[in-house]
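A short write-up of the structure that comes next.
Protein chains in written order, with the numbering used here: chain A, 1 to 262; chain B, 263 to 524.
See the structure below:
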């Protein structure tokens with residue numbers, strides 16, 4: 001009977017103090033933290049977020065695993081083979097492994113592929129996911145933009161894979177979040193301009209970190225190759241929230257307006 | 263010059279240890295915690311989540327505010343007038359107020375309306391939002407269901423306001439999250455059955471709490487009036503993730519399959 005657990009632990013959007021109490025407790029307790037890298041030469045953002053809260057843990061292994069930034073399965077295969085071998089060896093010895101991801105482990109994260117394979121490779125191993133603050137809510141928090149209220153709807157699209165139907169989506173949804181806008185920002189700006197939506201959008205990169213950048217004039221980014229950790233939020237001006245379009249004064253004509261109690 | 267801040271603080275989906283370090287630090291530091299209630303007779307879930315982490319803070323005020331569960335602006339208006347008066351009095355005395363919400367403060371929360379009004383009522387007051395783990399990611403974590411990977415898209419709909427176009431939405435999106443399914447569960451089950459999607463859905467209520475309930479056979483809930491804090495997640499079987507549909511063995515014919523390294 002193997003009592004090891006494979007944890008998928010989200011460390012949140014960037015600020016170390018946006019980690020949850022549970023993620024800190026688990027990362028301090030496990031014998032192995034698995035840390036994905038984009039390349040051997042670029043530090044792990046997830047680990048930079050977690051490290052100030054975890055510090056040194058005597059005897060704990062930090063297992064760095066490199067996954068190239070590519071959609072090509074041929075290039076990803078050797079990296080995953082190595083990762084499965086390294087993680088598997090430890091789990092089979094009964095050592096729990098916590099695989100960290102920035103943001104939440106189930107939202108466009110490296111952990112998702114590991115999760116899918118793990119259930120087949122290690123059927124006896126317990127799997128536990130520690131949800132985290134996702135950029136889905138951290139980015140709107142930065143700009144004080146409500147995501148949805150009342151009958152409003154939210155759509156989340158990875159911009160890398162096309163924004164051609166953005167106008168259609170905006171007809172059906174009140175807030176649209178475009179993830180991974182980094183390399184396709186010129187296309188995103190063009191699509192928003194075509195639909196006369198550029199004024200309704202804002203751009204945020206590296207939200208909640210010391211390098212956070214917020215841009216309201218998206219046209220200024222037209223020619224930029226933006227940061228990978230960036231997002232565009234498009235929110236309709238006419239909201240459909242519980243009280244929207246029905247101001248207090250309008251809802252009760254003749255009575256004091258809502259501002260009368262100030 | 264007034265240095266008071268109005269905080270919108272999310273306390274996460276239900277488990278106290280899914281609060282962030284920042285939310286705990288702010289709630290321990292502010293002179294006033296504002297706590298929304300659905301009724302004077304029902305304890306605040308948000309406060310039940312926060313209290314174990316905050317404990318007693320000498321001199322700190324816990325300001326309970328009741329907002330009836332209704333979509334009727336006539337019934338909400340007196341509650342909001344009272345809330346604005348109570349919060350405003352404290353802010354004007356220079357006291358920072360942290361308004362707590364379960365989940366994230368910008369996702370279908372009572373705080374959104376307060377945010378909208380606050381910028382007009384108290385233009386000199388700083389507003390800060392502390393994002394939190396939302397049920398959007400906490401519920402999929404419970405059932406180990408990826409939300410989106412690669413080119414996949416996510417749609418979030420409040421079921422209370424209709425699920426008639428669920429089939430359309432599922433044609434365009436890979437994962438659909440139905441919030442607030444409590445009172446409309448029979449309609450949701452009927453819509454999923456009509457579209458032959460009932461097998462692809464699961465139901466979770468009070469995720470991450472001691473009363474968590476997970477149901478995979480949604481038909482068994484056909485006649486239930488379910489809990490308010492419940493959600494249905496519908497995920498397509500055929501995923502569009504980065505490596506989906508392109509198994510390692512298929513991607514590199516003739517070479518070792520991905521499972522060969524086990």
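We treat Cβ as the ideally placed atom computed from N, Cα and C, and that holds for glycine.
For residue j and residue i, the rounded distance between their alpha carbons
i: residue 134(A); j: residue 330(B); result: 30 Å
i: residue 363(B); j: residue 380(B); result: 16 Å
i: residue 306(B); j: residue 316(B); result: 15 Å
i: residue 313(B); j: residue 447(B); result: 31 Å
i: residue 31(A); j: residue 125(A); result: 15 Å
i: residue 59(A); j: residue 98(A); result: 15 Å
i: residue 228(A); j: residue 183(A); result: 7 Å
i: residue 333(B); j: residue 151(A); result: 10 Å
i: residue 324(B); j: residue 295(B); result: 5 Å
i: residue 203(A); j: residue 94(A); result: 45 Å
i: residue 39(A); j: residue 79(A); result: 11 Å
i: residue 17(A); j: residue 369(B); result: 21 Å
i: residue 477(B); j: residue 274(B); result: 22 Å
i: residue 483(B); j: residue 147(A); result: 29 Å
i: residue 218(A); j: residue 198(A); result: 7 Å
i: residue 73(A); j: residue 120(A); result: 19 Å
i: residue 19(A); j: residue 35(A); result: 16 Å
i: residue 375(B); j: residue 343(B); result: 12 Å
i: residue 194(A); j: residue 162(A); result: 15 Å
i: residue 378(B); j: residue 308(B); result: 21 Å
i: residue 389(B); j: residue 42(A); result: 35 Å
i: residue 436(B); j: residue 348(B); result: 44 Å
Nonlocal neighbours in the same chain, by C-beta distance under 6 Å from residue i, ignoring five residues either side
i: residue 345(B); result: 327
i: residue 129(A); result: 8 and 105
i: residue 442(B); result: 420, 421 and 422
i: residue 122(A); result: 91
Residues of its chain near residue i, where Cβ-Cβ distance is below 7 Å and the 5 sequence neighbours each way are ignored
i: residue 407(B); result: 495 and 497
i: residue 578(B); result: The structure shown has nothing for residue 578(B), since chain B only spans 263 to 524.
i: residue 493(B); result: 397, 401, 439, 440, 441, 443 and 466
i: residue 15(A); result: 208 and 209
i: residue 266(B); result: 353, 356, 357, 358 and 387
i: residue 463(B); result: 454, 480, 494, 495 and 496
Closer than 8 Å to chain A by CB, residue i
i: residue 396(B); result: yes
i: residue 391(B); result: yes
i: residue 507(B); result: Residue confidence is low: residue 507(B) scores 41 on pLDDT, short of 50, so the model does not pin down where it sits. No coordinate-derived value is stated.
i: residue 453(B); result: no
i: residue 284(B); result: yes
i: residue 208(B); result: Any answer about residue 208(B) is impossible in this case: the structure gives chain B only from 263 up to 524.
i: residue 403(B); result: yes
i: residue 436(B); result: no
i: residue 374(B); result: yes
i: residue 280(B); result: yes
Residue i at chain B interface by Cβ criterion, 8 Å
i: residue 107(A); result: yes
i: residue 164(A); result: no
i: residue 25(A); result: yes
i: residue 170(A); result: no
i: residue 104(A); result: yes
i: residue 137(A); result: yes
i: residue 3(A); result: no
Member of the options whose CA lies at the smallest distance from the CA of residue i
i: residue 486(B); options: 399(B), 283(B), 462(B) and 450(B); result: 450(B)
i: residue 76(A); options: 90(A), 148(A) and 37(A); result: 37(A)
i: residue 291(B); options: 279(B), 268(B) and 415(B); result: 268(B)
i: residue 57(A); options: 108(A), 221(A) and 27(A); result: 27(A)
i: residue 286(B); options: 311(B), 303(B), 398(B) and 348(B); result: 311(B)
i: residue 142(A); options: 200(A), 87(A) and 212(A); result: 212(A)
i: residue 411(B); options: 19(A), 206(A), 109(A) and 137(A); result: 109(A)
i: residue 191(A); options: 164(A), 86(A), 2(A) and 81(A); result: 164(A)
i: residue 458(B); options: 429(B), 281(B), 376(B) and 303(B); result: 429(B)
i: residue 468(B); options: 480(B), 281(B), 376(B) and 488(B); result: 488(B)
i: residue 531(B); options: 303(B), 351(B) and 304(B); result: Only positions 263 to 524 of chain B appear in the structure, and residue 531(B) is not among them; the question remains open.
Residues near residue i in its chain [Cβ-Cβ closer than 8 Å; skip 5 each side]
i: residue 169(A); result: 155, 157 and 176
i: residue 22(A); result: 130
i: residue 137(A); result: 147
Closer than 8 Å at the beta carbon, the chain D residues around residue i
i: residue 377(B); result: Here the protein chains are A and B, and chain D is not one of them.
Check your understanding: Which residues, in chain order, does the region 294–310 of chain B contribute to contact with chain A at a C-beta distance below 8 Å?
Key -> none
Exercise for review: Using a Cβ-Cβ cut-off of less than 9 Å, give me the residues of the region 406–425 of chain B that come near chain A, in sequence order.
Suggested key: 406, 407, 408, 409, 410, 411, 412, 413, 414, 415, 416, 417, 418, 419, 420, 422, 423 and 424
Check your understanding: At a Cβ cut of 9 Å, what residues of the region 440–468 of chain B count as close to chain A, listed as they run along the chain?
Key -> 441
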